[in-house]
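2 protein chains.
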Amino acid sequence: MEAIRGRIAGRALLAGERLPSIRRFARVMGVSPSTVVEAYERLVAEGLIRSRPGSGFYVAGAAPSLDMRKPEAGRDRAVDPLWVSRQALDAAGDVPKPGCGWLPPDWMPEAALRRAMRQLARDDDTSLTDYGSSQGAPNLRRLLARQFADEGLGASPEDILLTGSGSQAIDLICRYLLRPGDVVMIDDPCYFNFQALLRAHKVSVVSVPYTPDGPDLAAFAAVLKEHGPRLYITNSALHNPTGATMTAQVAHRLLNLAAAHGLTIIEDDIFAALEPEPSPRLAVFDGLDRVIRIGSFSKTMSASVRCGYVVAKPEVIEALADLQVATSFGGPGPVASGIVHAVLSDGSYRKHVEAMRQRLTRARREIAGRLSGLGIAPWVMPRGGFYLWCRLPEGRDATEAARLALRQGVILAPGNVFSPALSAPDFMRFNIGQMPPKVWQVLPQVLVGAPSSR
Amino acid sequence: MEAIRGRIAGRALLAGERLPSIRRFARVMGVSPSTVVEAYERLVAEGLIRSRPGSGFYVAGAAPSLDMRKPEAGRDRAVDPLWVSRQALDAAGDVPKPGCGWLPPDWMPEAALRRAMRQLARDDDTSLTDYGSSQGAPNLRRLLARQFADEGLGASPEDILLTGSGSQAIDLICRYLLRPGDVVMIDDPCYFNFQALLRAHKVSVVSVPYTPDGPDLAAFAAVLKEHGPRLYITNSALHNPTGATMTAQVAHRLLNLAAAHGLTIIEDDIFAALEPEPSPRLAVFDGLDRVIRIGSFSKTMSASVRCGYVVAKPEVIEALADLQVATSFGGPGPVASGIVHAVLSDGSYRKHVEAMRQRLTRARREIAGRLSGLGIAPWVMPRGGFYLWCRLPEGRDATEAARLALRQGVILAPGNVFSPALSAPDFMRFNIGQMPPKVWQVLPQVLVGAPSSR
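This is the structure:
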């Protein structure tokens, strides 16, 4: 392969020219003809040469420019809710990303994932090739139903729909429930992608301030009365970005307000596995009457194996399954759900998650201490998870700091991308698993360079 | 594990009760304590028992009902464009599915898929755990760009967006281009899921008759003039369901009409790999000016590994990438795109596809002959692919025949689910790879039992 590549690169073989016959090239190279066949086939698969049946192999046409866009592109785009996602997803592997929403690979159950892949490689044909059922793999839905029962949420496997991701679960529900112009309530601050997603649905967004005990109920009631939202989307268990936990009292009152106003709630408890003890959960209190739960495995297992889920009452699940077939021809294929099922059933997984929680507790204490030393103060000390929502020293602007940090190759998540009301210009969300030494060099410099414009 | 399961099932251990200690149970069973630890951990992963740190293992709460809905459910739903998809996806493995849109597992490159899975199981951490870049894996985009160059379509890897599936690619483009109430043109007949997808976008659908040479151009021009559609969605290469091929002349004139009326075209060439020789392709003629190409690997490689793509001009790709992050937090993860890349680069893949084509040619001839013997006549004899679009004997109703066949455990695809104008009540689409003996028993019976209601 290298010999042929070299001749094409060195123009000893030009586009359209016939390659040496298999027999001749085998002789020249001193290898067997089958080795040459294999090499030629691989070069065909790469698109470098073509095969003309009965006639031999030819150099393919001039290759298109395969240059990738410069990584600098898009740096000057608006610092909006999509900015952090795109920067963090597209950064090179060695770029520190305290602003991103996932943990580094060495926190993930690598060995169990490899075992799961090998197991699937030995599995029957259909799981490698077929679409799978429209609601998603029954064995994974059964396993999830058992876990939900354990936390007091009665749901049968038929009440669960597997989806391509947690975000896609929310997106499907929004497509099912919302019409352009509807009003949707979210927290301030909240996960920035809620705003990007709702923008795609062309709905109006109103926000309610988040307190250390959950959403501010007086504001919540006022929004219900004034704007009549159709839907409220929130993170429970460990709120993103604050890491705060809703109290049982707030959950109970919030559900009563929702019932009185015909409000549907999406509860995204994607961080629940990282709690030390289970906290009050809306879906459990409500019994899936007006609460729809969504989740995924991207925070504790793998973000590469795309698989999320929705738990809701049967008529909602049936409609969402139709919608997912119409728009994606189904959710995760059997390969993805098979990997998730294998890792969840692996005896090591529970210990892995327990070890993650303990490692996070140590990291949280250490990082909070070091940030405080820079005058960066956590708003609350979360019970679990990997976020610290922090106020910058007085007079510092987080968006400007994030822009400056990006120029030095560090991706930060400034407060206002989380704030529908832009009420957090001096806040920053830090991911305690993504704070290598370079962050601690860059952070003091960008704080100095980013005076508040207010 | 079996011993504990038996005790719980036999009520010798009740919900909330403590399990024997690890040491004691190891002695009772005559195994090592580490074996018991492993068994308990697996039962915890299954949700059957719980662990309380420092206190031991306990039987979990009563299990929820894990019964699945009866497979009969949904049989009486309307025979609409979603009917065939849901029936075919949710049928048991041994149910014959001449109405479905994929080939059986033994047609797929099973060995290459297994090699790809094992290769990924050995790969570096990030591909197993990380989200990957927002446009999708660069190595797969480079490989696709080379293949496109080979057919005369100049596109750089930056002009390609990987998506969760071919359907999802179309869905993203519709979200980007369409507003509720817009008019979209499709073929009559066309792939039934186009209708289901467009319904989710709340747009108006107009259709244009498909001839053996492509869409009827007089009707095409009339629709452009009268309805001003924003978008036209079509299958090129091998049209679904007819298997017909657009001629170069039709392609050329169609593009001129599109240019004169500001029409955008989605060209779905998902079946292109199954053509014996490449046919005229709109994206190649047009150079991605007003044509957007989408595709996937579900027909020739695997439907389980979910991965599709869009090829379009840079500003479209940039907007679609944002939209995909907002609604799904990205497209296929590195596991899916890694498997696709490995199989495409595998020297055996081209031969596999060539063997598929030859096997299809033989099957097509045989099945067409047998169908003709029943008075079921192919509308055209396709050059490739796995569909035969056939007219039933006079006076037979395809929808009724499909209903009767379903009761006998055979899934058929009646003509009108493909026809926006319901102009194909006596047509049926057959998948020549999905015709086991039972189909040939059931087919004559349901034809007799399904007189036309006209």
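In order, the protein sequence lines correspond to chains G and Y.
Going by full-length UniProt numbering, the first residue of the first sequence is number 1, and it counts up by one from there.
Going by full-length UniProt numbering, the first residue of the second sequence is number 1, and it counts up by one from there.
We put the beta carbon where it would ideally sit given N, CA and C, even for glycine.
Can you name the start and end residues of the alpha helix (DSSP H) that G166(Y) belongs to?
166-177
Buried or exposed: where does M117(Y) fall if 16 or more other Cβ atoms within 10 Å of its Cβ makes it buried?
buried
Distance check for L238(Y) and A244(Y), CA to CA, integer angstroms please.
6 Å
Could you check if residue 457(Y) is buried or exposed, using at least 16 other CB atoms within 10 Å of its CB as the buried criterion?
Within the shown structure, residues of chain Y are numbered from 1 to 454, placing residue 457(Y) beyond reach of any answer.
Could you please tell me which residues of the stretch 317-348 of chain G, in chain order, have their CB closer than 8 Å to any CB of chain Y?
A321, D322, L323, V325, A326, T327, S328, F329, G330, P332, G333, P334, V335, A336, I339, L344, S345, D346, G347, S348
Cβ of I294(G) within 8 Å of Cβ of A169(G)?
yes
Local Cβ density within 10 Å of D106(Y), reported as buried at 16 or more and exposed below that:
exposed
With a threshold of 8 Å between beta-carbons, can W83(Y) be considered close to chain G, or not?
no
Let me know the alpha helix (DSSP H) ranges lying completely inside the stretch 170-233 of chain G, each 4 residues or longer, listed in chain order.
192-200, 217-227
What does the alpha-carbon distance come out to for the pair G369(G) and F418(G)?
24 Å
Less than 8 Å between CB atoms is the rule here; does A45(Y) satisfy it with respect to chain G?
yes
Does T361(Y) get closer than 8 Å to chain G when you measure Cβ to Cβ?
no
Going by other Cβ atoms of all chains shown within 10 Å of its Cβ, with 16 needed for buried, is A202(G) buried or exposed?
For the record, residue 202(G) in the displayed sequence is Lys; it is not Ala. Exposed, because fewer than 16 other Cβ atoms sit within 10 Å of the Cβ of K202(G).
Report the residue ranges of all alpha helix (DSSP H) runs contained in full by the stretch 266-343 of chain Y; include only those spanning at least 4 residues, in chain order.
282-286, 314-328
Rounded to the nearest angstrom, what separates G152(G) and D269(G) at their Cα positions?
15 Å
Is there a C-beta anywhere in chain Y that falls below 8 Å from the one on M356(G)?
no
Classification of P382(Y) by the beta-carbon crowding that lies within 10 angstroms, buried from 16 upward
buried
Nearest CA to the CA of A112(Y): which residue from P109(G), T129(G), Q119(G)?
T129(G)
If we ignore side chains and look at the alpha-carbon of each, how far apart do R24(Y) and E17(Y) end up?
16 Å
For R52(G), which three-state DSSP category applies?
strand
Can you give me the C-alpha to C-alpha distance between M301(G) and M108(G), rounded to a whole angstrom?
6 Å
Using beta carbons (cut-off 8 Å, strictly below), is D426(Y) in contact with chain G?
no
Using DSSP bridges, identify the partner residues of residue 456(Y).
Since the displayed chain Y opens at 1 and closes at 454, residue 456(Y) lies outside it and no answer follows.
Interface residues of chain Y around Y131(G) at Cβ under 8 Å?
L89, W102, S298, A303, S304
Short CB-CB distance (under 8 Å) between M105(Y) and chain G
Note that residue 105(Y) is Pro in the sequence shown here, rather than Met. So yes, P105(Y) belongs to the interface.
Can you list the residues of chain G that residue 456(Y) reaches, using a CB-CB cut of under 8 Å?
The question about residue 456(Y) has no answer here: the residues shown for chain Y are numbered 1 through 454.
Other residues of its chain near R175(Y): CB distance less than 7 Å, five sequence neighbours each side excluded
L323
S65(G) CB to nearest chain Y CB: under 8 Å?
Note on S65(G): pLDDT 48, under 50, position unreliable in the model; the coordinate value appears next. Yes, S65(G) lies at the interface with chain Y (some Cβ there is under 8 Å from its Cβ).
Reduced DSSP category for I4(Y) - H, G, I as helix; E, B as strand; rest coil:
helix
Closer than 8 Å by beta-carbon distance: list the chain G residues that pair up with N193(Y), in chain order.
V325, A326, F329
Those residues which DSSP pairs with T163(Y) across a bridge:
G308(Y)
Taking Cβ positions only, does D187(Y) come closer than 8 Å to chain G?
no
Thinking C-beta only, is V183(Y) closer than 8 Å to A402(Y)?
no
Using the DSSP secondary-structure output, state which residues sit across from R391(Y) in a beta bridge.
A377(Y), F427(Y)
Look at L412(G) and G93(G) and say whether their C-beta atoms are less than 8 Å apart.
no
Cα-Cα separation between residue 466(Y) and D187(G), rounded to whole angstroms:
The first residue shown for chain Y is 1 and the last is 454, placing residue 466(Y) beyond what the model contains.
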